[in-house]
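The number in the numbering used here is simply the position in the sequence shown, starting from 1, with 143 added.
For every residue, glycine included, the Cβ atom is placed at its ideal position computed from N, Cα and C.
Data block below; observations after.
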Amino acid sequence: MSIALHRLTKSFGASRVVDDLSLQIDDGEFAVLLGPSGCGKTTTLRMIAGLESATSGDILIDGERVNDLPPQRRDVAMVFQSYALYPHMTVAENVAYPLRVRKIDRDQINQQVQRTAAMLEIKALLDRRPRDLSGGERQRVALARAIVRHPRAFLMDEPLSNLDAKLRLQMRAELKHLQQQLGTTTVYVTHDQAEAMTLGHRVAVMNQGKLQQFDAPLTIYNEPANRFVAGFVGSPTMNFLEGEIDLAGRRFVNSQFALPLSESHLDRFQRMGTKQVTMGMRPEHISVSLGEQSGWQPASVYVTELMGNETFVILEIDTTILVARAPGEFRAETGDRAWISFDLARAHWFDPAGRRI
Numbered sequence: 144m145s146i147a148l149h150r151l152t153k154s155f156g157a158s159r160v161v162d163d164l165s166l167q168i169d170d171g172e173f174a175v176l177l178g179p180s181g182c183g184k185t186t187t188l189r190m191i192a193g194l195e196s197a198t199s200g201d202i203l204i205d206g207e208r209v210n211d212l213p214p215q216r217r218d219v220a221m222v223f224q225s226y227a228l229y230p231h232m233t234v235a236e237n238v239a240y241p242l243r244v245r246k247i248d249r250d251q252i253n254q255q256v257q258r259t260a261a262m263l264e265i266k267a268l269l270d271r272r273p274r275d276l277s278g279g280e281r282q283r284v285a286l287a288r289a290i291v292r293h294p295r296a297f298l299m300d301e302p303l304s305n306l307d308a309k310l311r312l313q314m315r316a317e318l319k320h321l322q323q324q325l326g327t328t329t330v331y332v333t334h335d336q337a338e339a340m341t342l343g344h345r346v347a348v349m350n351q352g353k354l355q356q357f358d359a360p361l362t363i364y365n366e367p368a369n370r371f372v373a374g375f376v377g378s379p380t381m382n383f384l385e386g387e388i389d390l391a392g393r394r395f396v397n398s399q400f401a402l403p404l405s406e407s408h409l410d411r412f413q414r415m416g417t418k419q420v421t422m423g424m425r426p427e428h429i430s431v432s433l434g435e436q437s438g439w440q441p442a443s444v445y446v447t448e449l450m451g452n453e454t455f456v457i458l459e460i461d462t463t464i465l466v467a468r469a470p471g472e473f474r475a476e477t478g479d480r481a482w483i484s485f486d487l488a489r490a491h492w493f494d495p496a497g498r499r500i
C-alpha cells in the first residue's frame, strides 16, 4: 500500500504544527519521520490514521483520498508509545480484540492469535494480564494486536521509547526483521536518530512542521540538505565553523584557521556569489594527535570521553569547541596540547541561510 501526502497542513488556532508537507511513501516501504519534539511528526502520523483532521491538503492511500474516511475504514494499524493495552483483558484477549470487533469467526480468531503469538514469541504469555508483563513483553503484545488483522499499513508512534537501552536495541532488530518478513508499509515516528538510521528505507527529517529532507539514511548522513539536517543527524553532532572564502588566497578563513581549498570547492564558491559560509565537519573527519604535526592546527584538550571502542576528544581553540572521534586507545588529559587536521574532502558547506552549497 502506498501513502501520499500532498501539501498537508495542520493548525491548532494560530499555531501551524504541520506546514505544507508532501511525501510519497511506496508500497512495502519502512518510512521514518524523524525530528525534535514539537516538529509535527506525531501529528502527521495521527492525520494519516484519521485521529486528527487535516486543516488543508490531501492524504491518499493507494491513490484514494481518505481525508473524510473514519479511522476504521482506512485499514491501518496504530502502535502507540504507551502500548494502550486493556488492563482487564488477558494477552490473548488483547490480541484478539481487533478481530472480535470485526465479528470474525471464533475459530479463525484463535488461529490468527496463535499464529501471531508464535511469530512474536509470546505464546507463553497469552493467559497473563498486562500488569504481569515487562515493558518489552507489553510492546510485543501491542505489536501482535496490530499485526493480527493484517492491515495495509502500520503506523508506529515512538513504540520503543519506554524501553531500557538494551531492550530497545533488541526490539529495534526484531522490528526490522518483522517488517521485512511481512513486507507491510510502515510509517514510524521517532526522535531517536539511531532508530531512524537503522530501521528506515528512507527517513523524512522534519523541523517546525516543515520537511527538511526525505532520503535514504546514508544519503542524509553524507549529503545533508541543510545545516539543520547536518546538525540533527549524527552523534556526536557535526562541528560547525563560521568563516569566509578567500578566493584570491584559495582558502577558507576564520579567526582560528586558514585552510586551503581544492579546485572543485573554489569553482562552487565562485558560482555562489557570497563569501560568507559555514563549514561542517563530522568528528570522524577530524584527526587528532598529541605530537606536533606539520601543517596541523594547534588545539587544547578540553576533555575526553572514553567509549571503549572509540574516544571522543573535545578540543578547545580559543573560544571554539570541536569534537573529534579518535581510536579507543587514545588517552589525553584536560589541558594537553594537541594538533588537529581536517579532511577537507569530507567537509560540508552551507550558505548564510543554512542551505547546502
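Could you tell me the distance, in whole angstroms, from the CA atom of G278 to the CA atom of Q251?
Taking the straight line joining both Cα atoms gives about 29 Å.
Please report the distance separating the alpha-carbon of M450 from that of E207.
Each residue's Cα considered, the two are about 50 Å apart.
If contacts are defined as beta-carbon pairs under 8 Å, then T187 and V161 qualify, I think. What distance do you get, rounded to the angstrom?
Yes, they are in contact, since the Cβ atoms of T187 and V161 sit about 6 Å apart, within 8 Å.
Which residues bound the beta strand (DSSP E) around S199?
For S199, the uninterrupted beta strand (DSSP E) run begins and ends at S199 to I204, by DSSP.
So within the stretch 213-272, which uninterrupted beta strand (DSSP E) runs reach at least 3 residues, ignoring any that extend past its ends?
List check, beta strand (DSSP E) in window: 219-222.
Count the other CB atoms, across all protein chains shown, that sit within 10 Å of the CB of K153; report buried if there are 16 or more and exposed otherwise.
Note on K153: 16 or more other CB atoms within 10 angstroms of its CB, so buried under the neighbour-count rule.
Using a 10 Å radius around the Cβ and a threshold of 16 neighbouring Cβ atoms, would you call Y331 buried or exposed?
By the neighbour-count rule (16 or more Cβ atoms within 10 Å), Y331 is buried.
If the criterion is Cβ atoms closer than 9 Å, does the pair I483 and Q440 meet it?
A Cβ-Cβ contact shorter than 9 Å links I483 with Q440.
Can you tell me which of G416, N382, A442 and M424 puts its alpha carbon nearest to the alpha carbon of S432?
Ranking G416, N382, A442 and M424 by CA distance to the CA of S432 puts A442 first.
Secondary structure at M349, three-state DSSP: helix, strand or coil?
In this structure, DSSP gives M349 an extended state, which the three-state scheme calls strand.
Own chain residues within Cβ distance below 7 Å of Y87, not counting five before or after:
The chain is shown from 144 up to 500; residue 87 falls before or after that span and cannot be answered.
Assuming R315 and L303 form a contact by the criterion Cβ under 8 Å, report the distance between their Cβ atoms to the nearest whole angstrom.
Contact holds; Cβ gap of about 6 Å.
Whole-number beta carbon distance between I464 and Q399, since they are thought to touch under 8 Å:
Taking 8 Å as the upper bound for CB-CB distance, Q399 and I464 are not in contact here, some 11 Å apart.
Can F297 and A220 be called in contact, C-beta distance under 9 Å?
Yes, the pair counts as a contact, with Cβ atoms nearer than the cut-off.
A467, buried or exposed, once every other Cβ within 10 Å from all chains shown has been counted against 16
So A467 counts as buried.
Grab me the residues of N452's own chain with a C-beta within less than 6 Å of its C-beta, minus the 5 sequence neighbours each way, in chain order.
Cβ neighbours of N452 beyond the five flanking positions: G471.
Measuring straight from C-alpha to C-alpha, what distance separates V444 and R480?
The alpha-carbon separation between V444 and R480 amounts to approximately 6 Å.
9 Å Cβ cutoff met for T328 and I429
Taking the C-beta atoms as reference points, I429 is found no nearer than 9 Å to T328.
How would you label N237, buried or exposed, when you count the other beta carbons within 10 angstroms and need 16 or more for buried?
Its Cβ being crowded by 16 or more others within 10 Å, N237 is buried.
Return the CA-CA distance between A517 and R217, expressed in angstroms with no decimal places.
In this structure the chain extends from 144 to 500, so residue 517 is not present and cannot be described.
Helix, strand or coil, according to DSSP, for S437 in the structure here?
DSSP places S437 in coil when its eight states are reduced to three.
Do G183 and P214 have their C-beta atoms closer together than 9 Å?
For G183 and P214, no; Cβs fall outside 9 Å.
Check each candidate in D275, L325 and L242 and name the one with the smallest Cα separation from L263.
Comparing Cα positions, the closest option is L325.
What did DSSP end up calling N452 once you bin it into helix, strand or coil?
N452: coil per DSSP, three-state reduction.
Short Cβ contact (9 Å threshold) for F395 with E406
No, they are not a contact pair.
Excluding sequence positions up to five away, which residues of its chain have a Cβ less than 8 Å from the Cβ of P230?
Correct list, in chain order: R272, P273 and R274.
Rounded straight-line distance, which links the Cα of S165 to that of E172
Roughly 16 Å between the two C-alpha positions.
Are I146 and L203 touching if we call contact CB-CB under 9 Å?
The criterion of a C-beta distance shorter than 9 Å is satisfied by I146 and L203.
Residue of D163, R498 and A339 minimising C-alpha distance to H149:
Looking from the CA of H149, the closest CA among D163, R498 and A339 belongs to D163.
Is H491 helix, strand or coil by DSSP?
Three-state DSSP puts H491 in a strand.
Can you tell me the Cα-Cα spacing of L151 and S158, whole angstroms?
Their Cα atoms are separated by approximately 15 Å.
Tell me whether the beta-carbon of N369 lies closer than 9 Å to the beta-carbon of R499.
Closer than 9 Å, so yes.
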